[in-house]
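Worksheet for the structure shown next.
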Amino acid sequence: MKNTVFFFKNTAWQYGLQIIKYLFPLITLPYLTRVLEPEGYAFYAYVISFMSFAQVFVDFGFNLSGTKRIAKARSIKEENHVIGAVTEARLLLCIVAGVAVMVTASFLPLTQNRLPYVFLAFTAVCGKGLVPDFLFQGHENMGPITTRFFASKSISTIFTFVLVHSINDIMWVPVLDIVSNGVALAWSFAAAKRSFGTTIELAPLSESLAELRTSGLYCFSNMAASVFSGFTTLLIGAVVTDAAQVAYWSLSMTAVTAVQALYEPIINSLYPHMVNTGDYCFARKLSILALPAVLIGTVAFCLLSKSVMLVLGGEQYLEGSWVLVWASPLLVFSFFGMLFGWPVLGAVGKVAEVTKSTVISALFCIVTLLIASFTGMTDLHVICAIRCATEALLCGIRFYHALPVLH
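Residues 16 to 422 in our numbering are what the sequence shown lists, from first letter to last.
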């Protein structure tokens, strides 16, 4: 009973974090879509999608493997070793990813003439990647993360309105992200020292490399998962010449991601809870109770598609509101795909099954999108259908593997 109460308390903090996390973009997004105009916003959204690949690589699955190690740690010294090894490993990954990002960006049509912006955006990614969220997740104590995020994002949000007034000011966007993430990084380590007595303890290179090997499978799975959204947007940017169409898709995926963010507090709280308790009966009950809520929310999402587009982008984006309707099945499949993934299969040790489901779905996504591209069928209707089918496949495979655990 105590563990269940602890789970719901942690989930409440996670929801507070998630609300704040998407409240700030919802404040700035309508402003940026107007001052940057469709051309500038299309570039801004494209780089965000591009950086999602880099973010997953820099994180390298440590938010999962690190959380598990912290949850099972039996001393502060052991936790300090984990923090040090993970931080050093992430610094190595930042160097490797930085080279790959800049080389790739130099060949992409939308970024090859704006490499300084890409470099700043990647620097912000590194700052975010070094924040030790896994430490707080492992302790099932998300309060410090919530207050930290509110403080750091308040700074970048306020100065967005002060400094960004047109497409000519777009360079301020990644600069403010760097400042925000720097504040978050310093705040996190100070809060960890105060709450848990932990700090960074330098680890031998061999230990950092061992962390990379341990987290490699988690990273591989997460990198494949990023294909669902990232690769789709990158392909659209490469083959769709109409900037408005790219903006419709990007804005729609922003709305979908905002709804999916409501799932993350449950998923992020359930994972360490399952690692510590193994209460899979609780996970089964949770999935049953969530089904009607997810279905009702999806229907509401469709009915409010025009209102969502109007609020996020303004009247010039209303023509693309149908994309939200076509993408709405993602909301159902993604919730249960997430639930049956790391919180159930990952916690019980079936990491290979989670990875296999992700890889199969990612390959399906890539192959079908490339076929659509080569055959000239890069209509957004087709792309929406492929994206939804990919998520359904992922959910189905994970459900199949999770059934023996949940019974």
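Cβ atoms here follow ideal geometry from the backbone N, Cα and C, with glycine treated the same way.
**Request:** Please determine if the stretch 105 to 124 and the stretch 163 to 177 are in contact, where contact requires at least 3 C-beta pairs separated by less than 8 Å.
**Result:** no
**Request:** Quick one: measure Cβ to Cβ for Phe21 and Glu155, integer angstroms, because I've assumed they're closer than 8 Å.
**Result:** 6 Å
**Prompt:** What's the gap between the Cα of Leu395 and the Cα of Thr102?
**Reply:** 40 Å
**C-alpha distance - Lys321 paired with Pro307, whole-angstrom precision** = 24 Å
**Prompt:** Excluding sequence positions up to five away, which residues of its chain have a Cβ less than 6 Å from the Cβ of Cys317?
**Reply:** Val340 and Ser343
**Prompt:** Does the stretch 42 to 51 touch the stretch 193 to 203, meaning 3 or more C-beta pairs lie closer than 8 Å?
**Reply:** no
**Request:** Please classify Gln152: is it buried, with 16 or more other beta-carbons within 10 angstroms of its beta-carbon, or exposed?
**Result:** buried
**Asked** So, are the CB atoms of Tyr332 and Tyr415 less than 8 Å apart?
**Response** no
**Prompt:** Taking just the CA atoms, how far does Ala259 sit from Tyr132?
**Reply:** 21 Å
**Request:** Could you check which residue in Leu51, Arg209 and Thr390 has the C-alpha nearest to that of Val10?
**Result:** With the chain running from 16 to 422 in the structure shown, residue 10 is simply not present.
**Selection from Val62, Gly361 and Ile311 that minimises the alpha carbon distance to Arg129** = Val62
**Cβ contact check for the stretch 181 to 194 and the stretch 215 to 235: 3 or more pairs under 8 Å** = no
**Prompt:** Helix, strand or coil: how does DSSP classify Pro124 here?
**Reply:** coil
**Selected residue, minimal CA-CA separation from Asp184, among Ser336, Val50, Leu32 and Ile34** = Val50
**Asked** Alpha carbon to alpha carbon, how far is Leu418 from Ser121?
**Response** 46 Å
**Request:** Select from Lys36, Arg299 and Val97 the residue whose C-alpha is nearest the C-alpha of Val359.
**Result:** Arg299
**Request:** Using alpha carbons as the reference points, say which of Met353, Ala100 and Ile303 lies closest to Leu285.
**Result:** Met353
**Request:** Could you check how far apart the C-beta atoms of Pro280 and Tyr30 are, in whole angstroms? I think they sit under 8 Å.
**Result:** 4 Å
**Message:** Taking the beta carbon of Lys83 as the centre, do at least 16 other beta carbons fall within 10 Å, making it buried, or is it exposed?
**Reply:** buried
**Item:** Of the residues Trp28, Thr26, Val397 and Leu79, the one placed nearest Ile251, counting alpha carbons only
**Value:** Val397
**Message:** Only counting the same chain, and skipping five residues up and downstream in sequence, which positions put a Cβ closer than 6 Å to that of Gly328?
**Reply:** Thr48 and Leu266
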